[in-house]
């Protein structure tokens, strides 16, 4: 299965990354590049990573999501991993990282 990451700007410039497919060792770089590009953009105050359509998530994906959160914090931008379902939600819950995947940035305050 492949992974696609599409984008949408909403809510005052927040960048939504809509992730579809499987996030694993073979595809995690696609997600990492999307998150990094969004966080590096000066006109993006924050990112929401929408996992609604993610059908699989392994430790590579967890690593990318946590790295994104750390990068957002370093840049004082908001970051939220939203709407994990099915296997993705179960993996995030069992690993105990879901509660660590949100950061309220200070940019623009």
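In this note's numbering, the protein residues as written are -11 to 97. Backbone N, C-alpha and C define an ideal beta-carbon position, used for all residues, glycine too. Predicted model, so just to flag it, every value in this text is computed and none were measured.
* To do: Return helix, strand or coil for residue -1, following the three-state DSSP convention.
  => coil
* Three-state secondary structure (DSSP) of residue 17 -> Reduced to three states, the DSSP call for residue 17 is helix.
* residue 85 vs residue 45 beta-carbon contact at 8 Å -> no
* Please list, in chain order, all residues of the same chain as residue 95 whose beta carbon is under 7 Å from its beta carbon, the five residues on each side excluded. => Here residue 95 scores only 48 on pLDDT, less than 50, and its place in the model should not be relied on; the value that follows carries that caveat. The answer, listed in chain order, is 33, 64, 65.
* Does the distance from the CB of residue 90 to the CB of residue 40 come in under 8 Å? -> no
* To do: Quick one: using the 10 Å Cβ neighbour count with 16 as the cut-off for buried, is residue 92 buried or exposed?
  => exposed
* Asked: Got a sec, what are the start and stop residues for the alpha helix (DSSP H) residue 105 sits in?
  -> Only positions -11 to 97 of the chain appear in the structure, and residue 105 is not among them; the question remains open.
* Asked: If you count every other CB in all the chains shown that lies within 10 Å of the CB of residue 5, and 16 or more means buried, which is it?
  -> buried
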